[in-house]
Amino acid sequence: MNDDFKKFRSKIIAHAVIESVIAGLSAGLIVVAALLLPLTLTGITVNAGIYVGAGLGMFVIVGGLTFVLIRPTEKRIARRVDTELAMHEKVQTLVAFSSSNEPMAVIQRDDANSRLAAAGTKKIKFKRAWQCSVASVVAVGLFAGAVTVAALGGKPEDTQAADNYTYTRLRNLVGTVQNSSLDEAPKAIVLEQLNLVIESVYDVEKQEGIPLTYDERVTIVSQAVVNIDAAIDTVVTGEPIGNSMYELCVDLTLYELGIHIRALSGGTAYSTMAAWNIVLDDDNFNSYDAATVAKAISEYAAQMVVALSASSVSADDALYTILAGLASELGDAANTPAAADDASDAKAAILSAARDAVGKYAPPLRLELQAQSADRQLDWTIYNELQEIFGIADEDMPDIGEVYEDTVPGQEGDDGKEDEDDPSGGGAGRGDALYGSDSLIYDYTTGEQVQYGEVFDRYNSIIVSLINDGRIDEKYIEMINAYLNALAQAREEEEQ
Amino acid sequence: MEDKQNLTEDLEKVKKFSKAISDIKQEIRKDVVGQEEIVDSVITAIIAGGNVLLEGVPGVGKTRLVRSFSKALSLPFSRIQFTPDLMPSDVTGTNVIEKDAEGKMNTIFRRGPIFANLILADEINRATPKTQSAMLEVMQEHNVTVGDTTYKMQEPFFVLATENPIEQDGTYPLPEAQMDRFMFKLIMKFPSVEELADIVNMTQITMAENATAVVDGPTILEMRELAKHVPVIDEVLSYTMNLVANTHPEVESSPEAAKKYVRYGASPRAAQNLITCAKVRALMNGNYNVSYEDIDVLAYPVLRHRIKINYNAVNDHLGVDDVISLLLKQTKKNSK
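Chains R and B are the protein sequences, given in the same order. Numbering-wise, this note's numbering puts 301 at position 301 of the first sequence, and it's gapless, one number per residue. Whatever position you read off the second sequence (first residue = 1), add 1000 for this note's numbering.
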C-alpha cells in the first residue's frame, strides 16, 4: 500500500487508540466514583485496592471493547478519508482494487495517491472528539466529587432537634433531683448542669428544639454527666473509704466491712456490724485474757483509723465521722481502766464497751450508707435518662466508674438483706487465733489466704507513710504504733 | 512489459477522452445556449451507447441540439417527424421495384431515415404504436429487418426521441415497456431571460449551426470501450442495486416513500444503465472511479421514466423527481 495511505492509516489508528483509552479511563473513573460515593455515605470502609482493581478492570474491559468496536480496518479508514477529504470514494476504490493490475485500476490508484499526498493528514480530525470530551468531563467530575465527599468524611451529619416530649422529660429529671435527698451543695451543681443541658438543646422562648448533630449531643451529655458525677462523688464517700478499708485492713471483718461500705450497701454493712457485735459476746473470749482482747480490739480500731486516713476523705464527712467515732470508742474500750488486770471483770468490761460502741454506730452507718446509695442511684438515674433521651450509644457515654458489688470473694453473693445469722465478720471470737499473730489472712492482691508475715511489710510501709504525711490523728498514732510493734514482735518470736 | 505498454496506451486514451469531451462541449456551446445539464447527459448517453427521450416544449432547440452534435461528432444526422399517418416503412425504409437501364425490373431496398448515426425522432408519441414499435426495435437491436434481409446500423447509433408535453390530444403515449428502452429521460426547460437574449442574438444573422467536427465515430467507440473499465467498488454497486430495488413497493424492505407513492418500480435495465452511465460520467469529470455522487445525479434521468407514481403522490403534490429524491434519501439512510 502506498506510503500516503499508510500515513492516514497510522493517524486514524492512533485516534482510535486514544479514543479507546479515553473511554476506558472514563469508565474506570465512573466505576470508582460509583463505588466510592455510596460506600462513603453509608460509612462503609473498604480496602483501597478494591477501588484500584475495579477501576483498572473497567479501564481494560471498556477500553478493549471500544477498540474492538471502533478498530479501523482498511475499508473503514478509506471510507473515513473519502468522507473527511471529500474524495468521492477514490480512496475506497484504491483500497478495493489495490491488487488489480488493470490499467484503469492503476491509473485510478495513482490519481488517488497523488490527491492523498496533496491533501495531507491534517484534515483528519478526531471523529469522536465531543463524545470523548463529554465522557471525560463527566467521569472526572464524578470522580472528583466522590473523592471530595470521601475526604470530607462523607457521612452527612444527622441533626436532631429536641421535641416537646424531650423537654418534658428533662424538666421531670430536674424535678427528681430537686425532690431528692441529695445535699444542697452537690444538688445545686447537678441542677445547674441539667439546666445547661436544657438550654443547649431547647429554645424555651421559641418552644422548639435546637438541631444538633450526634457528636454535639454526645458532647453536651458527656460534660453534664461527668460534672454531675463529680458533684455527687463529693458526698458519696463510701466508695473511697470502702476502697481504703478493702485495700489496707488486714482484719477480715474490716475488710469485708470495707467491701460493703464501698458498695454503699447499708443493709449488709449493718449486718456485718451486728454480727461482730454478737461475736463480742463474753463466752467467745473464754480462752483469752483481757490484755489479749484489748489488744485485738485496739488493733481493729487502729486499722480503721489507718484506712480512714488513707481514703483522702475529709474528716468532716458524715461517714468518716461515724467510722472514726467507732474507731475511737473501740480504742477507748480497749483502754478501759480494768484492762491491765487479768480479771474476768476487766475482759467483760472491755467487751461490753466494744459492744456498746458497735451497737451505737451500726445504725447511723446503715442510714448514711443508704443515703449515699440513694445519691449514687440518682447519679445513675441521671446518666441513664440522659443517654436514653438523646439516643447515645453505650460506647460514646463517658465512664463514671464501676458499680461495686458487696460480695466477698470466695463467699456467696450478698443480696443486701439483713441476716443476723450470717456473721460476715470473722477473726476474733471465732475460735481462731486472734490477728496479730501468724494467722492466715486474705491478701487482696492475690486473692489468697496467706501468712500475715508475708504482707506485714507492705501494710507497715503504708501506715508509716500515712503517719509521716500527717494524715492520722495524733491521738491514734500511739495506738497504731503499739499495734505495729506487737505485730513485729510476734513475727520475731515466730522466726525464732 | 506488456502491462506497462497497456498502461501507457490507456493513459493516452484517458487524456484523449478528456480532451474529446472538452472539445465536444465547446463546439456545442457555439450553437446551444445554456442547457448544460442536457448537453452533458446527451454526451453521456452517446458514449454509453444509450438513447434519450427528451421532453420539451416546441422551439427550445431540440433539433438544433442533435444537429450540432452530429457536426461535432462527424456523424450523419437524420430527423424523423412522427405523425399519426407515418408508417413503419417510412422510418426503416422499404423495398421498391425499379427498372434498370436495360429495362429490367429489380427490387431495390430504399433506406429510410433511420439509416444514420444520430436520429432525432420528433414527437414520437404522435406515431401509431406500430410505427413506434418499428422505431423502438431499431433502437434496441441496432438493425433493421426488411423481408429476409437484416441491415445493421452503423455504430455509434443514437436516437434522441422527443415528446411534446402540451399537445396530448390524438397521441399514443409510449407504453412503459417501451419507455424502458430509453437510457435517459431529460426535461428541457424553457431558457431563462438571459439565455433567451443570447439565443435571439445568436440566431439573428443565421440559423445554421456553427459547430465543427472534433471527434468521429471510432473515437466515440474507443471512449465507450475505455469507460467500461472504470472501477466500481462493491459499496457503490450495492447502493445502486438497493436504490433500484427500493423503487418497488412490493419489496418488503422497500422504504416508506416507495410503499406510499410508487405504483410500480424500475426494471433491472435501470441498474445496468446507472452503472454504465456512472462510469462515463466519472471519466467526463476527470475521475477514475464511480462515486455515490455519480449515482445520485444520474438517478433522475435514469429512473424518472421508469417509475410510475400513484395518486397519493399526486395528492401530496409530489412529482416523480420528488419521489426519486425521497427514495435516494431513504436508501442512503438505510445503507449507513
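Where is the CB? At the ideal position from N, CA and C, for every residue including glycine. Remember, it's a predicted structure, so these values are computed and weren't measured experimentally.
Check the Cα spacing between S1253(B) and each of D1023(B), Q1204(B), T1150(B) and L1327(B): the tightest is with L1327(B).
Distance from the CA of L191(R) to the CA of Q178(R), rounded to the nearest whole angstrom, comes to 8 Å. Contact annotation: S265(R) and S352(R) have beta-carbon atoms that are not nearer than 9 Å.
Here the alpha carbons of C1277(B) and L1298(B) stand approximately 7 Å from one another. If you compare the alpha carbons of V52(R), H15(R), S20(R) and E19(R) with that of A33(R), the shortest gap goes to V52(R). Contacts with chain R at 9 Å (Cβ-Cβ) do not include I1199(B). Closer than 9 Å to the CB of S99(R) there is not a single CB belonging to chain B. In terms of beta-carbon proximity, L1226(B) lines the interface with chain R, with at least one pair separated by less than 9 Å.
The beta carbon of G1059(B) lies closer than 6 Å to none in the same chain, with the five residues before and after it left out. The three-state reading of DSSP puts T1162(B) in strand, counting E and B together.
Pairing Q1132(B) with M1179(B), the inter-Cα distance amounts to about 11 Å. An exposed status is given to W380(R), since fewer than 16 other beta-carbon atoms sit within 10 Å of its beta-carbon. Looking only at P1191(B), I1124(B) and T1092(B), the smallest Cα-Cα distance to F1109(B) is reached by T1092(B).
At a cut-off of 9 Å between beta-carbon atoms, E74(R) makes no contact with chain B. Contact annotation: P1249(B) and V1232(B) have beta-carbon atoms that are not nearer than 9 Å. Take the alpha-carbon of F67(R) and the one of S98(R): they are about 26 Å apart. Cβ contact annotation for I22(R) (same chain, cutoff 8 Å, sequence separation greater than five): C132, A135 and S136, in chain order.
Using a 10 angstroms sphere on the CB of S1291(B), the tally of other CB atoms reaches 16 or more, which defines it as buried. By the Cβ neighbour-count rule, H1317(B) is exposed, with fewer than 16 other Cβ atoms within 10 Å of its own. CA-CA distance, D1023(B) to F1017(B), rounds to 10 Å. If the five residues before and after R355(R) are omitted, its C-beta is found closer than 6 Å to the C-beta atoms of N277 and L280, all from its own chain and listed in chain order.
Taking 3 residues as the shortest admissible run, the region 1177–1201 of chain B contains the following complete beta strand (DSSP E) segments, listed from N- to C-terminal end: 1184–1188. In terms of beta-carbon proximity, H1229(B) lines the interface with chain R, with at least one pair separated by less than 9 Å. A Cβ-Cβ distance of about 14 Å is found for the pair R471(R) and A302(R), leaving them out of contact under the 8 Å criterion. In this structure, V1244(B) lies near A1271(B), with their beta-carbon atoms less than 9 Å apart. Runs of the alpha helix (DSSP H) lying entirely within the region 1211–1244 of chain B and spanning at least 4 residues, in chain order: 1217–1227.
Annotation: I1021(B) has no Cβ neighbours in chain R at a cutoff of 7 Å; minimum Cβ distance is about 16 Å. A distance below 6 Å between beta-carbons, with the five flanking residues on each side excluded, links V1302(B) to the following residues of its chain, in chain order: A1270, N1273 and L1274.
Under the 9 Å criterion on CB atoms, N1287(B) is classed as interfacial with respect to chain R. For E1055(B), none of the residues of chain R pass the 9 Å Cβ criterion, the least Cβ distance being about 30 Å. Per the coordinates, the alpha-carbon of I297(R) lies some 49 Å from the alpha-carbon of D396(R). In this structure, I50(R) lies near L35(R), with their beta-carbon atoms less than 9 Å apart.
Q92(R) counts as buried, since no fewer than 16 other beta carbons sit within 10 angstroms of its beta carbon.
Assignment of beta-bridge partners to E1098(B) by DSSP yields N1106(B). Residue state for F97(R) is assigned as coil, using DSSP reduced to three classes.
Looking at the backbone, the Cα of T1247(B) and that of V1230(B) are separated by about 26 Å.
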